[in-house]
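Enquirer: Sharing a structure, written as C-alpha cells. Questions coming.
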Amino acid sequence: MLARIRAGGIYSTHLDAKRVNGLAYGQSTKWRKLLKFWPLYLMMLPTIVLLLINNYLPIAGLIIAFKNVNYVDGVFGSPWNGLNNFKFLFSTRDAWIISRNTLLYNAVFIASNIIVALIFALMLNELRSRWLPKFYQASMFFPFFLSMVVVSYLVFAFLSKGNGFVNNNLLPLFGMEPISWYQEPKYWPFILPLINIWKNAGYYTVFFVASMVTISHEYYEAAVIDGASKWQQAIRITLPQLMPLVTVLTLLQIGRIFYADFGLFYQVPLNSGAIYSTTNVIDTYVYRALLTLGDFGMSSAAAFYQSVVGFVLVFLSNYIVRKLDRENALF
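Per our numbering, the sequence shown starts with residue 1, numbered consecutively.
Here is the structure:
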C-alpha cells in the first residue's frame with residue numbers, strides 16, 4: 001500500500017512538473033511568435049490606436065444623452081436630466097419621418113446593392129477575356145472612391161433645371177417640360193437609390209468576384225456533363241456557394257441600418273428644404289438640429305438610439321439566420 005502511495009505521489013509530481021513545463025513552453029512560444037512577427041504587430045499598431053481613439057474612447061460620451069450639457073461645467077460636471085433628451089427627440093413631429101426614411105432607404109440600399117452586385121459578378125464571371133473583366137471591374141469600382149461633394153456636382157450637372165442634361169436633352173425627346181428636381185420631393189426616393197447603386201455596387205461586386213474564384217471548377221464540369229445551361233449553373237452552383245458571403249454582408253449592413261450616408265442625403269440634394277420629406281434622415285436631422293439649437297444632449301440621444309437599434313437588429317437577424325442555417329450565422 002505504501003509503495004502504491006509513493007508511486008502515486010511520484011506520478012502526481014511528474015504530472016505537475018509536466019504541466020508547469022507545458023505552461024512555461026506555451027508562454028515562451030507566445031513570446032517567440034511575438035518577437036518573430038513584430039514587424040506585423042508594428043504595422044497593426046497605428047490602426048489599433050486609431051480604432052481606440054475614434055471608436056472606443058468616444059463611448060464615454062454616451063452619458064451626454066442623459067445630461068443637460070453646458071459649456072461651463074463640462075460633460076462630466078453637467079447635471080443629469082434622465083430621458084428628457086429622448087423625449088425631446090421623439091416628441092417632434094419629424095421623428096416618424098426621419099426614422100421611416102432612414103429605415104426604408106437603407107433597406108432598399110442593402111437589397112439593391114446585393115442584387116445588382118450579384119448580377120454584375122455573374123456577368124463578369126462569364127467573360128473569357130483576360131483583360132475585359134479587370135477593365136469592367138475597375139470601371140465599376142471607381143465611383144466608390146469619389147467624394148460625395150464630387151457626386152453632388154455630377155448630379156447637379158444632370159438635374160439642374162436651367163442647364164441640366166436631363167432637362168435640356170432627355171425630356172424634350174419625350175415632349176416633357178423641364179422639371180425642378182430640387183423642388184419636387186416625389187422623385188428623390190428613386191434618384192437616391194440609383195446614385196447609391198452607381199456608387200457602391202462595384203464595391204460589393206469585388207467581394208462576389210473574389211468569392212467566385214474559390215468555387216471548384218469540378219462543379220461546373222460535372223454540370224456541363226449533365227447538360228446544365230449557364231443559367232442553371234448560376235442558380236444551382238454559383239449562387240448557393242455565394243450565400244454565406246451574402247448572409248455576412250447583409251448582417252453587417254443591418255447593424256448600420258439606422259445610420260445614413262450623410263453626404264448622400266445632405267450634399268447631393270443640396271440641403272433643399274422643399275424635399276426634406278423624402279431626403280431628411282436621422283443623421284441630417286441631428287446635424288441641422290445641432291446647428292440651429294446647439295443641443296448636444298439631443299444629438300447624443302439620437303446617436304444612442306441608432307446604436308441600440310442597430311445592435312438589437314444584428315442579434316435578431318443573426319438569430320433568424322441561425323434558425324434557418326446555422327453555418328451561415330455570424331456567431
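Cβ atoms here follow ideal geometry from the backbone N, Cα and C, with glycine treated the same way.
Given the structure is predicted, the values throughout are model-derived calculations rather than measurements.
(1) Pick helix, strand or coil for Lys33, following the three-state DSSP scheme.
(2) Use the C-beta contact count for Ile257: other C-beta atoms within 10 angstroms, 16 or more gives buried, fewer gives exposed.
(3) Let me make sure I understand the geometry here. Which of Ala329, Val281 and Gly310 has the alpha-carbon closest to that of Ser99?
(4) Since I believe Gly255 is in contact with Gly310 (beta carbons under 8 Å), could you give me their beta-carbon distance rounded to a whole number of angstroms?
(5) Is the segment 60-67 in contact with the segment 291-309, if contact means three or more CB pairs nearer than 8 Å?
(6) According to the neighbour-count rule (16 or more other Cβ atoms, all chains shown, within 10 Å of its Cβ), is Ala201 buried or exposed?
(7) Rounded to whole angstroms, what's the CA-CA distance from Ile119 to Val224? Just pull it up for me.
(8) With DSSP collapsed to three states, give me the class of Ala329.
(9) Checking the sheet assignment: what are the DSSP bridge partners for Trp80?
(10) What is the DSSP secondary structure of Leu270, counted as helix, strand or coil?
(11) Kindly indicate the opening and closing residues of the alpha helix (DSSP H) around Thr238.
(12) Looking only at its chain, what residues have a beta carbon closer than 7 Å to the beta carbon of Ser78, apart from the 5 residues adjacent to it on each side?
(13) In the DSSP assignment, the alpha helix (DSSP H) including Asp283 goes from what residue to what residue?
(14) For a test of the three-state rule: what should DSSP assign to Val116, helix, strand or coil?
Expert: Result, derived from the coordinates:
(1) Looking at Lys33 - three-state DSSP - the assignment turns out to be helix.
(2) Classification of Ile257: buried, given that the 10 Å Cβ count is 16 or more.
(3) Of all alpha-carbon atoms in Ala329, Val281 and Gly310, the one lying nearest the alpha-carbon of Ser99 is that of Val281.
(4) Indeed they touch by this definition, with Cβ atoms about 5 Å apart.
(5) The answer is yes - the segment 291-309 touches the segment 60-67, with three or more Cβ pairs under 8 Å.
(6) Counting Cβ neighbours within 10 Å, Ala201 comes out buried, since at least 16 surround it.
(7) A direct Cα-to-Cα measurement between Ile119 and Val224 gives close to 21 Å.
(8) Three-state result, Ala329: coil.
(9) Beta-bridge pairing links Trp80 to Lys67.
(10) Secondary structure at Leu270: coil, using DSSP grouped into helix, strand and coil.
(11) Counting along the chain, Thr238 falls outside any alpha helix (DSSP H), and DSSP gives it neither H nor E.
(12) Setting aside the 5 residues that flank it on each side, Ser78 is surrounded in the same chain by Lys67, Asn68, Val69 and Asn70, each with a C-beta closer than 7 Å to its C-beta; the list follows chain order.
(13) Under the DSSP assignment, Asp283 falls in the alpha helix (DSSP H) whose first and last residues are Ile282 to Leu293.
(14) Residue state for Val116 is assigned as helix, using DSSP reduced to three classes.
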